[in-house]
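Single-structure report; data block below.
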Ligand code: ZN
């Protein structure tokens, strides 16, 4: 057995808490090769002798694959958060074998026919629970979409496509990371740093020190701006030197699109392979294949949904743009039109003028430790769970990573999670995400595996003796990822295939995450999160009211930007190629001209950095953010209707939310889960109301 042949290898069998402190890249390959051999042998044994039942096939099949997929998940995680040549080599060396193994399992005709037999038997004499029936249906569909029905050349071609796609996704992601890592905008003249908030000065000096300028200080520079959100976003809002903003903006718009770090041919290749794959499986487009696993019924439904929201936002967005130009003119802007590097800068000035507070002023109320405590208090209040810091009880991959335990009200352990909060542009993928290392799972011996989750954010690191203060958007992001984690950790399902976020339709997976973001706008919650870094005061009411007044500032423009991403995605996967679009970039330009109030730069190559579509799971699914938000806004409206200041009602509604949306997860169809919570089907009204928009006539 693996434990004996590789006794000290931390990848050999991932325990409840992985030994991150001992993991080295060179250990991954021998351990995973051994696990691969074991899993292959176990699946082959099962193929030879099994009963077509849940306990005879479905459960043992999942258990045969689990050690391998657990270890692969950990390796993929380390590649994302501690990227290095060593982890890249280990990942690249193993990926083809992992893809081959996954295809072998999915394409096994023996397994497939037994799954069909089990489904037919259950139809004739129902014995399976609802969640198990859904898992079985997913497995059958996965086998079909993994090419179980293909033979001969078609099968060979399909498998080659899978291998090539897996390699392309990894290469896309690594190239993007390298493009972010290699770009630097140096600012050495203190006049160019005038007006920068203290947090930007200190983050940019810290970035400079990391890049080999030990003399860099927040007050005197030099300052280093990277393409990472922690410095780029505040720089574009606050740097008064227009030429420097232009330089960064152009670099950001063209990242990973030229020279040795160019993703453009990968974009075309991925799209073409997806089309070919969908065709082999009998789907007209990749979008149809993608939607067959989602809540939205059809491409036409998604198109109608996006169009109705765009109709509600187009006119208000035009107004927002005209007002911004007028404001900039009044304050000395002399150009004919706003360029992309003017919009964030002047929007921030207009927001400050109209709502009379600065981001920096707000930030002083949100020290990271206090925000975390406030977030955990909210989870306790709404869902009756306790969250305890347990740093040191588990090993971690980086000294900044925190570890926490989650318990039920009566003390029963429910789950554990890690939090990796700060950005590390050289080694960590951008953005924020939640991932699962373990899932709630009742084992055949009756024991229960608890969920183990990880939240990864890229917030501004603490600098120069300053405590880590959070921007308000970083607070929102933390709440978002914590919402995903809650759904994973508070699941009531005990079959791993549908427990936590497993088996949730991907366009419904953002409900639990976006639901939590709403609480960042609840007065009591926000007060609980806040503690001024110098005065210890909670967020005062007048600042809260200003923040709320500013909530929908440029809401229509922001909505259109999200719709633009979703429409570009759907055009690429449902309608490209067409003669009117010479390449994928032209698809994006076309969508931009229909949706964005502000034209993109001619050289913009957004798709080369669009990891959601080309290195993540959102292809023909980006619309899912807005689709989910209809449900999440409507779910929050249940709390508003109960009365946000009615403590007993809030708690009761929170418990009902936990018992439905968080607990039922992937075991029940999302529309049924929603109805179980809300007592009716979802309505788009709450989403539009929260964004300050009126429903269009067609809604
Ligand atoms: Zn999310």
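In our numbering, the protein residues as written are 1472 to 2170. We treat Cβ as the ideally placed atom computed from N, Cα and C, and that holds for glycine.
Q. Is the beta carbon of residue 1983 less than 9 angstroms from the beta carbon of residue 1954?
A. Yes. Within cutoff.
Q.
On the CB-based measure, 16 or more other CB atoms within 10 Å of its CB, does residue 1988 come out buried or exposed?
A. Of the other Cβ atoms in all chains shown, 16 or more fall within 10 Å of the Cβ of residue 1988; this residue is therefore buried.
Q.
Considering only the alpha carbon of each residue, which of 1555, 1593, 1604 and 1619 lies closest to residue 1582?
A. The shortest C-alpha to C-alpha distance from residue 1582 to any of 1555, 1593, 1604 and 1619 is the one to 1619.
Q: Measure the alpha-carbon distance for residue 1685 versus residue 1650 and round it to whole angstroms.
A: Put simply, the backbone Cα of residue 1685 is about 23 angstroms away from that of residue 1650.
(Q) When you compare the CB positions of residue 1544 and residue 1907, do they come within less than 9 angstroms of one another, or not? (A) Contact flag set, yes.
Q.
Any residue with its Cβ nearer than 6 angstroms to a heavy atom of the ligand ZN should be included. What is that list in chain order?
A. Working through the chain, the matches are 1951, 1955, 1981 and 1984.
Q. By the 10 Å Cβ neighbour count, where 16 or more other Cβ atoms means buried, how is residue 2117 classified, buried or exposed?
A. Under a 10 Å Cβ-count criterion, residue 2117 is classified as exposed, with fewer than 16 other Cβ atoms of the shown protein chains found around its own Cβ.
Q) Which one of 1507, 1873 and 1567 has the shortest CA to CA distance from residue 1541? A) Nearest C-alpha to residue 1541: 1507.
Q.
According to DSSP, simplified to helix, strand and coil, what is residue 1804?
A. It is coil, neither helix nor strand.
(Q) Check for me: the beta strand (DSSP E) holding residue 1859 runs from which residue to which? (A) Judged by DSSP secondary structure, residue 1859 falls within the beta strand (DSSP E) whose first and last residues are 1856–1860.
Q.
Using 8 angstroms as the cut-off, can you tell me whether the segment 1702–1715 makes contact with the segment 1811–1818, which would need three or more C-beta pairs spanning the two stretches below that distance?
A. Result yes; three or more Cβ-Cβ pairs closer than 8 angstroms.
Q | Proximal residues to residue 2194 (C-beta, below 7 angstroms), its chain only, five neighbours per side dropped | A | The structure shown does not extend to residue 2194, since the chain is modelled only from 1472 to 2170, so the question has no answer here.
Q: Assess, as a yes-or-no matter, whether the segment 1662–1677 is touched by the segment 1688–1697 under the definition of 3 or more beta carbon pairs within less than 8 angstroms.
A: By the C-beta criterion, the segment 1688–1697 is judged to be in contact with the segment 1662–1677, since at least 3 inter-stretch pairs fall below 8 angstroms.
Q: Evaluate the contact criterion for the segment 2038–2047 versus the segment 1755–1762: three or more CB pairs, one atom per stretch, below 8 angstroms.
A: Because the criterion of three Cβ pairs below 8 angstroms is met, the segment 2038–2047 and the segment 1755–1762 touch.
Q. Whose C-beta lies closer than 6 angstroms to the C-beta of residue 1724 among residues of the same chain, with five residues either side of it excluded?
A. Answer for residue 1724: 2072 and 2075, listed in chain order.
Q.
Within 10 Å of its beta-carbon, does residue 1912 have 16 or more other beta-carbons around it, so buried, or fewer, so exposed?
A. Per the 10 Å Cβ criterion, buried.
Q) Relative to the alpha-carbon of residue 2030, which residue among 1577, 2094, 1961 and 1521 has its alpha-carbon at the smallest distance? A) Residue 2094 is the option with its Cα nearest to residue 2030.
Q. Given that a residue counts as buried once 16 or more other Cβ atoms are within 10 Å of its Cβ, and exposed if not, what is residue 2168?
A. A caution first: residue 2168 carries a pLDDT of 49, below 50, which makes its placement in the model unreliable, though a value can still be read off. Its Cβ having fewer than 16 others within 10 Å, residue 2168 is exposed.
Q: Look at residue 1693 and residue 1658 and say whether their C-beta atoms are less than 9 angstroms apart.
A: Against a cut-off of 9 angstroms, the Cβ pair of residue 1658 and residue 1693 comes out as a contact.
**Q.** Distance between beta carbons of residue 1643 and residue 2085, contact taken as under 8 angstroms
**A.** Distance from residue 2085 to residue 1643 at the Cβ level is roughly 5 angstroms; contact confirmed, criterion being Cβ atoms closer than 8 angstroms.
Q) Name the DSSP beta bridge partners of residue 1692, please? A) Residue pairing for residue 1692: DSSP places it in a beta bridge opposite 1688.
Q) For residue 1927 versus residue 1871, is the C-beta distance shorter than 9 angstroms? A) Between residue 1927 and residue 1871, the C-beta gap is not smaller than 9 angstroms, which leaves the two residues out of contact.
Q | residue 2029 - DSSP class collapsed to helix/strand/coil | A | In this structure, residue 2029 counts as helix in the three-state DSSP scheme.
Q.
Could you pull the DSSP bridge partners for residue 2049 from this structure?
A. Looking at the DSSP output, residue 2049 bridges to 2052.
Q. Can you tell me whether DSSP reads residue 1964 as helix, strand or coil?
A. DSSP places residue 1964 outside both helix and strand once states are collapsed to three, so it counts as coil.
Q. Beta-carbon separation of residue 2162 and residue 2108 under 9 angstroms?
A. Not closer than 9 angstroms, so no.
(Q) Tell me the residue span of the beta strand (DSSP E) that contains residue 1989. (A) For residue 1989, there is no enclosing beta strand (DSSP E), since its DSSP letter is neither H nor E.
Q. Does the beta-carbon distance from residue 1837 to residue 1942 come in below 9 angstroms?
A. The answer is yes: Cβ separation under 9 angstroms.
Q: For residue 1866, name the three-state secondary structure that DSSP assigns.
A: Here residue 1866 carries a coil assignment [DSSP, helix/strand/coil].
Q: Give me whichever residues DSSP pairs with residue 1877 in a beta bridge.
A: 1858 and 1886.
Q.
So the candidates are 2119, 1799 and 1555; which of them puts its Cα closest to the Cα of residue 1855?
A. The shortest Cα separation from residue 1855 among 2119, 1799 and 1555 belongs to 2119.
Q.
Buried or exposed for residue 1522, going by 16 or more other Cβ atoms inside 10 Å?
A. So residue 1522 counts as exposed.
Q) Exposed or buried, what is residue 1909 when buried is set at 16 or more other beta-carbons lying within 10 Å of its beta-carbon? A) Residue 1909 sits buried, since 16 or more C-beta atoms from the chains shown fall within 10 Å of its C-beta.
Q. Expressed to the nearest angstrom, what Euclidean distance is found between the alpha-carbon atoms of residue 1773 and residue 1496?
A. Rounded to the nearest angstrom, the gap between the Cα atoms of residue 1773 and residue 1496 is 43 angstroms.
Q | Residues bridged to residue 1904 (per DSSP) | A | Residue 1904 pairs with 1927.
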